[in-house]
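Novice: According to my numbering, the residues represented by the sequence shown are 35 to 197, in order. Cβ coordinates follow ideal geometry from the N, Cα and C atoms, glycine included. The structure presented is a predicted model; accordingly, all values stated were derived computationally and were not measured. Structure below; questions to follow.
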Amino acid sequence: REALFEPLQGWVDAWGVGAASNKEIDQWGISHALGVAALRALQQIEQMASAAGLALADKPVDGILDGPYDYIAPAASSMDAPHLGFLPRVSTQVKADARCALVSAASVLAKVVRDRLMEEYAREPRYQAYGWDSNKGYGSPAHRAAIAEHGPSDLHRLTWHLC
């Protein structure tokens, strides 16, 4: 994925990675948080496109979500949604990352951004016990053992079963 990161950025006109904090996920639930994070990514795409002279509000924009559920539409009408000058027509496809090059590219870009963020956190002394440089925050046995021994950090989602 790292080797593809730079070439993929040049392959698309605009891209963005949205996130929701662990506190937002705990407060809103994962579906709403995913929707808000997707809208934040769309906001980044809108800003990048605008800087390149492309006006997304002037043309139809389609989006494909990998999976069976459109979590963007419900989040778009919420108070938590960022303001966008457009809203894509969303279609859902299970295993879209295996069928669509753009979805695959988006997946790689998002995963590399997240992995790099987790590696940054891993360098901070207060997070070193969790092994995020190797497990990237996923529930590996070592990560679960660290939570059991040290408790959750301020970055862990507390509403999830951590151990």
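Give me the residue from R148, M152, S65 with the minimum Cα distance to D114.
Specialist: D114 has its Cα closest to that of S65, out of R148, M152, S65.
Novice: Apply the 10 Å Cβ neighbour rule to H195 and answer buried if 16 or more other Cβ atoms are within range, or exposed otherwise.
Specialist: When all chains shown are included, H195 counts as exposed.
Novice: So, is L68 buried or exposed, given that buried needs 16 or more other C-beta atoms within 10 angstroms?
Specialist: Answer is buried; the Cβ neighbour count reaches 16.
Novice: What's the C-alpha gap between L118 and G97?
Specialist: Looking at the two C-alpha atoms, the distance is approximately 14 Å.
Novice: Checking contacts by CB at 9 Å: is A53 closer than that to chain C?
Specialist: Among the chains of the structure shown, chain C does not appear; only one protein chain is present.
Novice: Thinking just about the alpha-carbon of each residue, which of F39, K93, A182 is nearest to the one in R123?
Specialist: Of the candidates F39, K93, A182, the one whose C-alpha sits nearest the C-alpha of R123 is K93.
Novice: State the Cα-Cα distance for the pair P102 and W45, rounded to the nearest angstrom.
Specialist: P102 and W45: Cα-Cα distance of roughly 27 Å.
Novice: Cutting at 6 Å between CB atoms, please list the residues of its own chain near D104, excluding the five before and the five after it.
Specialist: Contacts found: V124, T126.
Novice: Does S125 come out as helix, strand or coil in the three-state DSSP assignment?
Specialist: Residue state, collapsed to three classes: strand.
Novice: Taking DSSP as the reference, what is the three-state secondary structure of D33?
Specialist: It is not possible to answer for residue 33, since the shown part of the chain is limited to 35 through 197.
Novice: Could you check how far apart the C-beta atoms of I59 and R160 are, in whole angstroms? I think they sit under 8 Å.
Specialist: The Cβ separation is near 20 Å, so there is no contact.
Novice: Here's the rule: buried if 16 or more other CB atoms are within 10 angstroms of the residue's CB, otherwise exposed. What is G171?
Specialist: Buried, since its Cβ has 16 or more Cβ neighbours within 10 Å.
Novice: Taking the alpha carbon of D167 as the reference point, which residue from V146, E183, A182, G185 has its own alpha carbon closest?
Specialist: Taking only the C-alpha atoms, the option nearest D167 is V146.
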